[in-house]
Amino acid sequence: MSTATATHDGDHHDHGPAKGLMRWITTTNHKDIGTLYLLFALIMFFIGGAMALVIRAELFQPGMQVVDPQFFNSMTTVHALLMIFGAVMPAFTGLANWLIPMQIGAPDMALPRMNNFSFWILPFAFTLLLSTFFMSGGGPAGGWTLYPPLSLQMGDGFPFMIFAIHLAGISSIMGSINVIVTILNMRAPGMTLMKMPLFVWTWLITAYLLIATMPVLAGAVTMLLTDKFAGTSFFSAAGGGDPVMYQHIFWFFGHPEVYILILPAFGIISAIVPTFARKPLFGYSSMVYATASIAFLSFIVWAHHMFTVGMPVVGELFFMYATMMIAVPTGVKIFNWVSTMWKGSMTFETPMLFAIGFIMMFTIGGFSGLMLAIAPADFQYHDTYFVVAHFHYVLVTGAVYSIMAAAYFWLPKWTGNMYDEKLGRIHFWISTISVNVLFFPQHFLGLAGMPRRIPDYAVQFADWNMISSIGGFVFGLSQLMFVWIIFKTIRGGEKATDEVWEGAKGLEWTLSSPPPYHSFNVAPEVK
Amino acid sequence: MVMLSRKWLKLLLGALGFYAGAASADYSLLNMTQGVTETSRAVYDLHMIIFWVCVVIGIVVFGAMIYSIINHRKSKGFKAAQFHESTTMEIVWTVIPIVILVSMAIPATKVLLAMEDTSDADMTIKVTGIQWKWKYDYIDGEAEGVSFVSSLHPDHNEARLLGVDADLERFEDTYLLEVDNPLVVPTGQKIRFLLTAADVIHAWWVPELGWKKDAIPGFINEGWTYIEEPGVYRGQCAELCGKDHGFMPIVVVAKSPSDYKAWVAEQKGAAALADASAGREWTKDELMVKGEAVYKTNCAACHLPNGAGVPPAFPALAGSPIAIGDAAAHIDMVMNGKSGTAMAAYKGILNDVDMAAVITYERNAWGNSASVVQPAEIKAKR
Ligand SMILES: [Cu+2]
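If you read the sequences in order, they're chains W and E. Quick note on numbering: numbering that gives the first Met the number 0 labels position 497 of the first sequence as 496, and the sequence is numbered without any gaps. Quick note on numbering: numbering that gives the first Met the number 0 labels position 184 of the second sequence as 183, and the sequence is numbered without any gaps.
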């Protein structure tokens, strides 16, 4: 294990970052850009979270108390758009920026200027999206899926929203190209594909999914734009089009998208569990194959979001069977993590707590997903709170938990300081209790017949909604702790060693904490 | 200011749990209804099977995890084993789930095929979703020709517009689940539904019948039901359809064949009366009275009861150039709607009298003053 200083003894001069604000605007450094992405994601997480709290405040009691129905609809719509495109995806891209060069033994990302550009598009995209709230007609309120004809009823903000989506899509595509080029060209000597850390693997596959599907979304929303302004009728039956065609195109993007939101999480968990179990990952190659099969299957299951649109029964059967199949590689992942823990020598620092929380609660989301795959039962579940519970278990206690786990896991490496372990654990426990109070009752509400996306409801749904809202407020506010812990860690704290964690394995742990501005100026040798 | 502070006070009290205790609120609402049809029971059974499958897998997986968390910890001095990679294990945990899934897929396929088989129906009802109400047309059978619009009951509509001051207790468990004109169907008949929409996509869902299906503008979807017991079954629109998506309930009243016959006769009598009246000349006052009622149920959601609209999304009708201008343009707007906007074509929704009345009302309410439109003029334009 060579130390970082050794790598810098060569004739290459390590220069530090530029000073002041310009450092952040002009930076081409993977760590700076990673930090910008993570910070941006955190801000979006709080704006999107505030919108969720407006939703939960209105649903606290039956009757209309807080907002009007149109604004309520724009809250559900923009909450989703911000959390998916503004928080989770940029957070993963931020982690990719920070970690991929350090994990494959490269000095930086392959395309640093594009890297800068792909980040700096995002603040403009989301400012544009949020600015629609101040335009005549208000923000988007037709659901994040933008189904026509409803989405076409939006006011003046419509073209701005479409443009914002295009920008975010361009940013993702550029980020993905960068990830692929970096991974395929800049690995240290000896690091074959099958020796790459799983986070690198899952991101490589995610990047391909992004490149394959983002243009499809761009096409779909462009067709919406021309339907609205150029007199085309792609999605209007009156002109020979079909509104359901939009849904097919959208979900052809949208289903791979949900794996875009979870595959990097699988990579993170596969790094954390072996570290704290002090035991190698049980089945590395089967994890790689499982990820690849999930990615492949994700392209042929899209219509399970559309079981109620009236497909031919053969189509319904196909999508039901294909969707059920996804349970197999997903199961392989869970079994592998559990086998990795089995007979390990485990400790439970905050990253491990979040990772275990992830495995358990993601599995619960997986179970409800399996239930939703059964088409006849989906006729009852579809568009109810059962679905809302399902995707929040996979996205909040799945994707978001993995991001928090990653933050605690790598923060000492990034900053050189240990975070406050006690606060980290408190953050975990408050989050985990409140998130279940928030989302578990939503299963009951959905099964009992409460549709999603409604601002008011029959009184028999009152109790569980109130419980859920209380959970929501506690969960939302407890995330301020997360910000505080990060802030404190950046400012100082107990110094972290280079290895940070006793069981940590991988190139990033051979660098100093914090690592040098350019990660590996001399490529390490991987045996 | 007083309004505002009272609103927050009530919310606060609610938060403290003093004010909330709705009499009919219910923690025992936990599971899917078994419903009242063979289909809904089959769906419920599938739901319970897959649920228990998940529970069993969950016990095994979480059990192993928890056992390991308790015993295999460093603090207990447990030394890490270093085993990894086992093709046998990987095959085992690939094959077992496949077997479970196949055994799930078989009953699911059977139920699905039965649900999609709409052949041999005894009668057909066309359901049209409209922002934010449902229209029902009885296509054949005894009630052939009967047709009406069903929207949120006015009392409930008023209550939800009141905000914090609404007394919801009096509705018991029907708040927002009550309509002015329920869909009436006979028991013991296979009823086929044809679902479509006039403006955006809606979804017709009554949990106790066991399914929902999208109502899509320009397309027709099919579904069916066979209700055994008379009763009142409630549901609501399940696909986001704009501002008042949450206020678009469905009530199905299943009547015994003899009660159903009586209901049909009553409807037909009323329709005949309306038909006869469509031919005659109406006075302005008659049209205004009728028009106000039609306006309230059909138009006020967007254009507001006082005709002020919610510009720019929904234009004001008070003082609108169309509402006080040439009658032909006004009639055209209401009959044919305006494609690409929320203004739907009402020609398939309102009959001649209602159409003439609502147009006359719009032309002469809220300070507007313009010509009267007679049912005969509408008839001529169809
Ligand atoms: Cu609707």
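C-beta: ideal position from N, C-alpha, C; glycine also.
If you measure from the beta carbon of residue i to each beta carbon in chain W, is any gap under 7 Å?
i, result
"residue 220 (chain E)", "yes"
"residue 241 (chain E)", "yes"
"residue 62 (chain E)", "no"
"residue 313 (chain E)", "no"
"residue 215 (chain E)", "yes"
"residue 84 (chain E)", "yes"
"residue 337 (chain E)", "no"
"residue 155 (chain E)", "no"
"residue 67 (chain E)", "yes"
Looking only at DSSP bridge pairs, what is residue i linked to?
i, result
"residue 341 (chain W)", "Bridge partners of residue 341 (chain W): none, in fact."
"residue 201 (chain E)", "E:214"
"residue 183 (chain E)", "E:252"
"residue 416 (chain W)", "W:494"
"residue 220 (chain E)", "E:194"
"residue 133 (chain E)", "E:128 and E:149"
"residue 225 (chain E)", "E:189"
"residue 234 (chain E)", "E:249"
"residue 186 (chain W)", "Answer by DSSP bridge pairing: none, since residue 186 (chain W) is not bridged."
"residue 123 (chain E)", "E:191"
"residue 313 (chain E)", "E:309"
With a threshold of 7 Å between beta-carbons, can residue i be considered close to chain E, or not?
i, result
"residue 307 (chain W)", "yes"
"residue 377 (chain W)", "no"
"residue 64 (chain W)", "yes"
"residue 208 (chain W)", "no"
"residue 219 (chain W)", "no"
"residue 234 (chain W)", "no"
"residue 582 (chain W)", "Because chain W here runs from 0 to 526, residue 582 (chain W) falls outside it and cannot be looked at."
"residue 7 (chain W)", "Only weak support exists for where residue 7 (chain W) lies, its pLDDT of 43 falling under 50; the coordinates are left without a value."
"residue 344 (chain W)", "yes"
"residue 197 (chain W)", "no"
Check each candidate in the options and name the one with the smallest Cα separation from residue i.
i, options, result
"residue 386 (chain E)", "E:235, E:185 and E:211", "There is no way to answer for residue 386 (chain E), as the model of chain E reaches only from 0 to 381."
"residue 174 (chain E)", "W:475, W:296, W:61 and W:402", "W:61"
"residue 52 (chain W)", "W:520, W:498 and W:469", "W:469"
"residue 51 (chain E)", "W:40, W:398 and W:363", "W:363"
"residue 341 (chain W)", "E:331, E:71 and E:153", "E:71"
"residue 164 (chain W)", "W:195, W:126, W:181 and W:189", "W:126"
"residue 137 (chain E)", "E:184, E:96, E:61 and E:46", "E:184"
"residue 221 (chain E)", "E:191, E:339, E:269 and E:229", "E:191"
"residue 254 (chain E)", "E:269, E:107 and E:229", "E:229"
"residue 396 (chain E)", "W:64, W:42 and W:467", "Not covered by the structure: residue 396 (chain E). The range shown for chain E is 0 to 381."
"residue 367 (chain E)", "E:31, E:304, E:79 and E:320", "E:320"
"residue 336 (chain E)", "E:112, E:344 and E:329", "E:344"
"residue 346 (chain W)", "W:503, W:41 and W:20", "W:503"
"residue 215 (chain E)", "W:256, W:276, W:305 and W:158", "W:305"
Within 10 angstroms of the Cβ of residue i, are there 16 or more other Cβ atoms? Answer buried if so, exposed if not.
i, result
"residue 459 (chain W)", "buried"
"residue 381 (chain E)", "exposed"
"residue 520 (chain W)", "buried"
"residue 462 (chain W)", "buried"
"residue 289 (chain E)", "buried"
"residue 153 (chain E)", "exposed"
"residue 401 (chain W)", "buried"
"residue 272 (chain E)", "exposed"
"residue 4 (chain W)", "Low confidence applies to residue 4 (chain W): its pLDDT is 41, below 50, so where it sits in the model is not reliable enough to give any reading."
"residue 265 (chain E)", "exposed"
"residue 200 (chain W)", "buried"
"residue 279 (chain E)", "exposed"
"residue 486 (chain W)", "exposed"
"residue 258 (chain W)", "buried"
"residue 118 (chain W)", "buried"
Check the C-beta distance from residue i over to residue j and give it rounded, since I have them as a contact under 8 Å.
i, j, result
"residue 211 (chain E)", "residue 249 (chain W)", "That pair is no contact at about 20 Å."
"residue 96 (chain W)", "residue 32 (chain W)", "5 Å"
"residue 438 (chain W)", "residue 403 (chain W)", "Their Cβ separation, rounded to whole angstroms, is 16 Å, which puts residue 438 (chain W) and residue 403 (chain W) out of contact at 8 Å."
"residue 498 (chain W)", "residue 188 (chain W)", "Their Cβ separation, rounded to whole angstroms, is 23 Å, which puts residue 498 (chain W) and residue 188 (chain W) out of contact at 8 Å."
"residue 366 (chain W)", "residue 53 (chain E)", "4 Å"
"residue 296 (chain W)", "residue 325 (chain W)", "5 Å"
"residue 375 (chain W)", "residue 114 (chain E)", "6 Å"
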